[in-house]
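Residue numbers (the working numbering): 1 to 409. Heads up, the thing below is written out as structure tokens.
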Amino acid sequence: MTEHEPRDDLARTDPRYGRPRPDPAMPTVHPDWDPRGTQVQVDPRRAYDQMRRSCPVAMGSSGAWTFFKHADVRAAALDDDTFSSAVSAHLQVPNGMDGAEHTRFRRLIDSYLDHQQMVALAPTITTVATRIAAGLHVPGPIDAVELGSTFAVQAQSAWLGWPAELQDELVSWVAENHAASRALDRERMAAVAQWFDRIITSVVTARRELGDAAPLDVTTELIRDRSLGRELTDAEITSILRNWTGGDLGSMALCTGVLLTYLADHRDLQLRVRSGVSDTELDAIIDEVLRIDSPFTANRRVTTRHTVVGGRPIGPGERVFLNWTAANRDPDAFGDPDEFDPDGNAAHNLVYGIGRHVCPGRELATMELRALLRAVLAVTEAILPDTARTRRRGRPPVGGYESAPLLLR
Ligand code: HEM
Numbered sequence: 001m002t003e004h005e006p007r008d009d010l011a012r013t014d015p016r017y018g019r020p021r022p023d024p025a026m027p028t029v030h031p032d033w034d035p036r037g038t039q040v041q042v043d044p045r046r047a048y049d050q051m052r053r054s055c056p057v058a059m060g061s062s063g064a065w066t067f068f069k070h071a072d073v074r075a076a077a078l079d080d081d082t083f084s085s086a087v088s089a090h091l092q093v094p095n096g097m098d099g100a101e102h103t104r105f106r107r108l109i110d111s112y113l114d115h116q117q118m119v120a121l122a123p124t125i126t127t128v129a130t131r132i133a134a135g136l137h138v139p140g141p142i143d144a145v146e147l148g149s150t151f152a153v154q155a156q157s158a159w160l161g162w163p164a165e166l167q168d169e170l171v172s173w174v175a176e177n178h179a180a181s182r183a184l185d186r187e188r189m190a191a192v193a194q195w196f197d198r199i200i201t202s203v204v205t206a207r208r209e210l211g212d213a214a215p216l217d218v219t220t221e222l223i224r225d226r227s228l229g230r231e232l233t234d235a236e237i238t239s240i241l242r243n244w245t246g247g248d249l250g251s252m253a254l255c256t257g258v259l260l261t262y263l264a265d266h267r268d269l270q271l272r273v274r275s276g277v278s279d280t281e282l283d284a285i286i287d288e289v290l291r292i293d294s295p296f297t298a299n300r301r302v303t304t305r306h307t308v309v310g311g312r313p314i315g316p317g318e319r320v321f322l323n324w325t326a327a328n329r330d331p332d333a334f335g336d337p338d339e340f341d342p343d344g345n346a347a348h349n350l351v352y353g354i355g356r357h358v359c360p361g362r363e364l365a366t367m368e369l370r371a372l373l374r375a376v377l378a379v380t381e382a383i384l385p386d387t388a389r390t391r392r393r394g395r396p397p398v399g400g401y402e403s404a405p406l407l408l409r
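Structural data, given as structure tokens:
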């Protein structure tokens, strides 16, 4: 599961969407695996590789299916009539929406993240990255996930126009969000979600109070947006901002951990990037490293009708996880999944999803990651693995690394 979504397992039959209830005539399916089992906790990526080989369409002990194969994940993401995104009882704009409702909100969201806006934003993000890199102690140790978290908070705050005073609180929030997810503690996860909503409400309320004097930035623009023919409700604004920040701060931190660790472990690639690559080449390198070790594990769907996937009958109203991490390592799509081949693998890369819910933040995320990589490379001669400290893998639903100690020289 990703962090884009509140973690509830409610509403398998949300009446708003008229989804069918599970078919009582369907035979009971016994679990094939435990998505929280020991092997998955130790190294989720390897465990998913193993599942893809042994049981590519698997019923989990929580009663949800997981698709591990590239072809099945891709087909389900493209078939949004059969695999609905209305998985939650909570409003989720736009990721919990289907059909025409999704299209309307998605158009609005895309307008904030289009190419022109990203080109205009790039210098601001580069300034943030350069400032953070200048503050690093070189030579010295870092944790790449922590560095990513600090950068993500400052970059997203710069984009949205959020006050600097909030940044420490947001960094603490990212850490607590990951910890609560890993602990699988529902009360703690609910508290962390409410904490984030309070942060967003404080920002929105301050803008509303300022009225015409509110700063002209993305947050104010969203509050005043009338492209749907009306103003957005507070719940819609909160949901959109939660999606743009709550989930993506964590994802950006994890992506930074994976990228810097990969460069530390692959000196040839690091030297190649240091010797000067174009933005296009660097973006392709970033995409390919994230394909090999995709920290954004899975998204949920719920079936709307009978279907058969990988030979297994699935009834209506069944919960499904599309496992991007496993799909991105499927030898049927990529040959040797660990072979680094940005050009050869780009067409099948599913790091940012596919279909109507494909990530609208892809260009923003890539631009931010590129800016941070360039800034860190500029203040160092080498990024090295730190063998004295323990590198720890992220545990589901969080991928990548929980802690990624590296040495800067
Ligand atoms: C850091 C790297 C990121 C990764 C790996 C990532 C990955 C993804 C994936 C796989 C999806 C598809 C979800 C699905 O099919 O259910 C998605 C959707 C989405 N992403 Fe990202 N994302 C990233 C960053 C961002 C950023 C920076 C933003 C915005 C600021 C963003 C906003 C969204 C939104 C709003 C959706 C839902 C789209 C919809 O339902 O139509 N993401 N993302």
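Backbone N, C-alpha and C fix where the C-beta goes; we use that ideal spot for every residue, glycine too. Model, not experiment: these values are computed from the prediction.
Check, Outcome
"Beta-carbon separation (whole angstroms), Ile383 vs Leu271, contact threshold 8 Å", "In fact, because the Cβ distance is near 11 Å, the residues do not count as touching under 8 Å."
"Proximity test, Val398 beta-carbon vs ligand 1 heavy atom, cut-off 6 Å", "no"
"Alpha helix (DSSP H) segments (min. 4 residues) lying fully within the stretch 245-285", "248-265, 267-274"
"Counted within 10 angstroms of its Cβ, other Cβ atoms place Leu322 as buried (16 or more) or exposed", "buried"
"Stretch pair the stretch 234-251 + the stretch 337-346: three plus CB contacts closer than 8 Å", "no"
"Completely contained alpha helix (DSSP H) runs for the stretch 162-228, where each covers 4 or more residues", "167-183, 186-210, 218-224"
"Straight-line Cα distance separating Asp185 from Val40", "18 Å"
"Backbone secondary structure at Pro405 - three-state DSSP", "strand"
"Spatially closest choice to Ala129 from Asp114, Ser149, Leu113, by CA coordinates", "Ser149"
"8 Å Cβ shell around Asp110 - same chain, five flanking residues per side excluded", "Pro360"
"Beta-carbon proximity list for Leu408, same chain, < 7 Å, skipping 5 on both sides", "Leu136, Val138, Pro139, Gly140, Ile142, Thr380, Ile383"
"Helix, strand or coil at Ser294 according to DSSP, with G and I counted as helix", "coil"
"Separation of Gly394 from Ser403, as counted between CA atoms", "8 Å"
"Opening and closing residue of the alpha helix (DSSP H) in which Pro316 lies", "No alpha helix (DSSP H) holds Pro316; DSSP gives it neither H nor E."
"Runs of beta strand (DSSP E) wholly within the stretch 116-163 (minimum 3 residues, chain order)", "140-143"
"Selection from Arg188, Leu113, Gly250 that minimises the alpha carbon distance to Leu160", "Leu113"
"Which residues DSSP lists as bridging Arg393, in chain order", "Tyr401"
"Those residues which DSSP pairs with Ile383 across a bridge", "Leu408"
"Classification of Arg16 by the beta-carbon crowding that lies within 10 angstroms, buried from 16 upward", "Only weak support exists for where Arg16 lies, its pLDDT of 44 falling under 50; the coordinates are left without a value."
"For Thr366, the three-state DSSP class (helix, strand or coil)", "helix"
"Cut-off 6 Å between Cβ atoms - residues of its own chain near Ala152, not counting five sequence neighbours on either side", "Leu249, Met252, Ala253"
"C-alpha distance - Gln167 paired with Ala371, whole-angstrom precision", "19 Å"
"Presumed contact (8 Å Cβ cut-off) between Ile200 and Leu241, rounded CB distance", "5 Å"
"Reduced DSSP secondary structure (H/G/I, E/B, other) of Asn328", "coil"
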